[in-house]
Amino acid sequence: MRPAEANPALVPRAAPRTLVPAPVSALLRALLLAALAWPLAGLGAALWPSVSQAAQGRPAPALAIHHEALREVRRIQRLLASEAAHMDHQGPSLAPPAPPGGTTAASRLSEDRILAAYRAANDHIAAAMPALFQRQPDGFIDIAPQVPSAGRAAQADYVTPPTADGGRPAIYWVAVASPAGADAAAIPATLLRTGRPGRHFQTEDRRAAGMPWGAGWSLYAASLGEEMGLYAEPAARHAWRRMELAAAARMAADTGMQGASWTQRRAAAYLAATTGMQQAQAGAIAAQCAAMPGKPGAEGLAYLRIRQLRARSEKA
Numbered sequence: 671m672r673p674a675e676a677n678p679a680l681v682p683r684a685a686p687r688t689l690v691p692a693p694v695s696a697l698l699r700a701l702l703l704a705a706l707a708w709p710l711a712g713l714g715a716a717l718w719p720s721v722s723q724a725a726q727g728r729p730a731p732a733l734a735i736h737h738e739a740l741r742e743v744r745r746i747q748r749l750l751a752s753e754a755a756h757m758d759h760q761g762p763s764l765a766p767p768a769p770p771g772g773t774t775a776a777s778r779l780s781e782d783r784i785l786a787a788y789r790a791a792n793d794h795i796a797a798a799m800p801a802l803f804q805r806q807p808d809g810f811i812d813i814a815p816q817v818p819s820a821g822r823a824a825q826a827d828y829v830t831p832p833t834a835d836g837g838r839p840a841i842y843w844v845a846v847a848s849p850a851g852a853d854a855a856a857i858p859a860t861l862l863r864t865g866r867p868g869r870h871f872q873t874e875d876r877r878a879a880g881m882p883w884g885a886g887w888s889l890y891a892a893s894l895g896e897e898m899g900l901y902a903e904p905a906a907r908h909a910w911r912r913m914e915l916a917a918a919a920r921m922a923a924d925t926g927m928q929g930a931s932w933t934q935r936r937a938a939a940y941l942a943a944t945t946g947m948q949q950a951q952a953g954a955i956a957a958q959c960a961a962m963p964g965k966p967g968a969e970g971l972a973y974l975r976i977r978q979l980r981a982r983s984e985k986a
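Taking our numbering, the leading residue of the sequence shown gets 671, the next gets one more, and so forth.
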């Protein structure tokens, strides 16, 4: 897919500080090749040169990207430590930050308050979008709670697209009964990542839907919360940093297994120690790295490259 052929909704403004690169056809081609290779066991380290070739103009082995991922983890950890030192839990935040592995009792809200917080953040995003995007998908996103069916609990937040005739808007379904849905501080970052301008934009661009850079774009979309003023409260900014850290840690674990001779057990231990996630979750991610080498890391690489491309374009 060439950038010029993309849905106009994804065409960014070309102004300094507001350039949001939906671009990089070379990167997309490389990641698409990587996506085709994910189901094939045993490729491991051989995957990374093809992923990085178009991303940065030269091939890079898994070990080189592993070191880059470790630097990214340390960068985010420094920011978390600095920001935590200045956090004021007595301020007007909606809720204090949750520990890395979950949510605090104080951050849990009633269903009505959760939905109200999502709607307030959604309105804030809608008002901030014109400064970042020249055009957007038609319509708006409505916020609604998931209704668990018999024997089936609410899942993670997700978006359903609008009807073709415009009779029903896109709907962002909130998992109000899930721990993530109850973490008030994480609402802005979660909404940006899953809603607009994250996965909702990709869903509306039919040709981009399902592309392997999707998680990289959605994570980049969540990073825009700083420019939008959604992370002005320390708790919300801390929640975003935790999301960013988890992605970088997955990239480090994946490339560690493929390029630094990490065992699956070591990767799981690293994930748990770095992010605070439960051992079972860390083990599941490490198993994914073994079964689909390159997938977690390619997501993190796409996010890093989008950031770097934006920085480069702003200097041009």
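We treat Cβ as the ideally placed atom computed from N, Cα and C, and that holds for glycine.
- Span of the alpha helix (DSSP H) holding Asp793? As a position in the sequence shown, residue 793 is number 123, starting the count at 1. 781 to 798 is the extent of the alpha helix (DSSP H) around Asp793.
- Query: What distance in whole Å lies between the Cβ atoms of Ala845 and Ala787, which are believed to be in contact at a cut-off of 8 Å?
  - Reply: Start at 1 with the first residue of the sequence shown, and residue 787 comes out as number 117. Start at 1 with the first residue of the sequence shown, and residue 845 comes out as number 175. With a Cβ gap of about 14 Å, Ala787 and Ala845 do not count as contacting.
- As assigned by DSSP and simplified to three states, the class of Val846: Taking the sequence shown and counting its residues from 1, one reaches residue 846 at position 176. Residue state, collapsed to three classes: coil.
- In DSSP terms, what Asp812 is bridged to: On the sequence shown, position 142 is the one that residue 812 refers to. In DSSP, Asp812 forms a bridge with Ile841.
- At least three beta-carbon pairs within less than 8 Å, the stretch 942 to 962 to the stretch 883 to 899: no
- When the Cα of Met613 is compared with those of Gln872, Leu861, Trp932, Ala791, which residue comes out closest? With the chain represented from 671 up to 986, any question about residue 613 goes unanswered, as that position is not in the structure.
- Task: Run the CB neighbour count on Ala972, radius 10 Å, all protein chains shown included, and call it buried at 16 or more, exposed below.
- Result: For the purposes of this step, residue 972 is taken as the residue at position 302 of the sequence shown. Result: buried.
- Quick one: what's got a C-beta closer than 8 Å to Asn792's C-beta in the same chain, skipping five residues either side? Along the sequence shown, one-based indexing puts residue 792 at 122. The answer, listed in chain order, is Ile811, Ile813, Tyr842, Leu861, Gly865.
- Could you give the DSSP three-state label for Val743: helix, strand or coil? By 1-based counting over the sequence shown, the position of residue 743 is 73. DSSP places Val743 in helix when its eight states are reduced to three.
- Message: Only counting the same chain, and skipping five residues up and downstream in sequence, which positions put a Cβ closer than 7 Å to that of Ala952?
- Response: On the sequence shown, residue 952 is found 282 positions in, with the first residue counted as 1. These residues qualify, in order along the chain: Ala938, Leu941, Ala942.
- Whose C-beta lies closer than 7 Å to the C-beta of Ala986 among residues of the same chain, with five residues either side of it excluded? Position 316 of the sequence shown, counted from the start, is the residue given in the question as residue 986. Within the same chain, Ala986 has no close Cβ partners at all.
- Query: How long is the line joining the alpha carbons of Trp910 and Trp887, rounded to whole angstroms?
  - Reply: Mapped onto the sequence shown, residue 910 falls at position 240. Mapped onto the sequence shown, residue 887 falls at position 217. Looking at the two C-alpha atoms, the distance is approximately 15 Å.
- Query: At a Cβ threshold of 8 Å, is Gln949 touching chain B?
  - Reply: Here there is only one protein chain, and chain B is not present.
- Test item: CB-CB of Ala892 and Gly868 under 8 Å: Start at 1 with the first residue of the sequence shown, and residue 892 comes out as number 222. Start at 1 with the first residue of the sequence shown, and residue 868 comes out as number 198. Yes. Within cutoff.
- Identify whether Thr925 lies in helix, strand or coil by the three-state DSSP scheme. Working through the sequence shown from its first residue, we reach residue 925 at position 255. Of the three classes helix, strand and coil, the one that applies to Thr925 here is helix, per DSSP.
- Query: How is the beta strand (DSSP E) around Tyr828 delimited, first residue to last?
  - Reply: Counting from one through the sequence shown, the residue named residue 828 turns up at place 158. Taken as a continuous stretch (DSSP letters only), the beta strand (DSSP E) holding Tyr828 covers 828 to 830.
- When the Cα atoms are used, what is the spatial distance from Gln804 to Ala930? For the purposes of this step, residue 804 is taken as residue 134 along the sequence shown, with counting starting at 1. For the purposes of this step, residue 930 is taken as residue 260 along the sequence shown, with counting starting at 1. Taking the straight line joining both Cα atoms gives about 43 Å.
- Which whole-angstrom value is the C-beta distance of Glu753 and His908, which I expect to be below 8 Å? One-based indexing of the sequence shown puts residue 753 at position 83. One-based indexing of the sequence shown puts residue 908 at position 238. With a Cβ gap of about 6 Å, Glu753 and His908 count as contacting.
- How about Ala922 and Leu740: do their beta carbons lie closer than 8 Å? Numbered from 1 along the sequence shown, position 252 holds the residue referred to as residue 922. Numbered from 1 along the sequence shown, position 70 holds the residue referred to as residue 740. Yes; because the gap between Cβ atoms is below 8 Å, this pair is in contact.
- Query: Just checking my contact of Ile735 with Gly926 at CB under 8 Å: how many whole Å lie between their CB atoms?
  - Reply: As a working mapping, residue 735 is identified with position 65 in the sequence shown. As a working mapping, residue 926 is identified with position 256 in the sequence shown. Between the beta-carbon of Ile735 and that of Gly926 there is about 10 Å, and that puts the pair past the 8 Å contact cut.
- Quick one: is His756 buried, meaning 16 or more other Cβ sit within 10 Å of its Cβ, or exposed? Stepping through the sequence shown from its first residue, residue 756 is reached at position 86. Residue environment: His756 is assigned as exposed (fewer than 16 neighbouring CB atoms within 10 Å of its CB, all protein chains considered).
- Measure the beta-carbon distance from Leu669 to Arg863 and round it to whole angstroms, keeping in mind my assumption that it falls under 8 Å. Not covered by the structure: residue 669. The range shown for the chain is 671 to 986.
- For the alpha helix (DSSP H) that Gln951 lies in, which residues bound it at each end? Taking the sequence shown and counting its residues from 1, the one referred to as residue 951 is at position 281. Run containing Gln951: 949 to 961, per the alpha helix (DSSP H) assignment.
- Task: Can you tell me which of Pro807, Ala797, Ala954, Ala859 puts its alpha carbon nearest to the alpha carbon of Pro839?
- Result: Position 169 of the sequence shown, counting from 1, holds the residue named residue 839. The option with the nearest alpha carbon to Pro839 is Pro807.
- Message: Check this for me: beta carbons of Glu969 and Ala917, under 8 Å apart or not?
- Response: Translated into the one-based positions of the sequence shown, residue 969 becomes position 299. Translated into the one-based positions of the sequence shown, residue 917 becomes position 247. The answer is yes: Cβ separation under 8 Å.
- Message: Can you list, in chain order, the residues of its chain with a C-beta nearer than 7 Å to that of Arg977? Leave out the 5 residues immediately preceding and following it.
- Response: Here residue 977 refers to the residue found at position 307 of the sequence shown. Tyr890.
- Item | Spatial distance of Glu984 from Ile784 (CA atoms) | Translated into the one-based positions of the sequence shown, residue 984 becomes position 314. Translated into the one-based positions of the sequence shown, residue 784 becomes position 114. So the alpha carbons of these two residues sit roughly 37 Å apart.
- Report buried or exposed for Ala981, applying the criterion of at least 16 other Cβ atoms within 10 angstroms of its Cβ. Sequence index remark: in the sequence shown, residue 981 carries index 311 (1-based). The residue is exposed, with fewer than 16 neighbouring Cβ atoms inside 10 Å.
- Task: Would you please state the rounded distance, in angstroms, between the beta carbons of Ala906 and Leu915? I believe it to be under 8 Å.
- Result: As a first step, residue 906 is located in the sequence shown; it is residue number 236 there, counting from the start. As a first step, residue 915 is located in the sequence shown; it is residue number 245 there, counting from the start. About 15 Å; that fails the 8 Å criterion.
- Rounded to a whole number of angstroms, what is the C-alpha to C-alpha distance between Ala790 and Pro731? Walking along the sequence shown from the start, residue 790 turns up at place 120. Walking along the sequence shown from the start, residue 731 turns up at place 61. About 44 Å.
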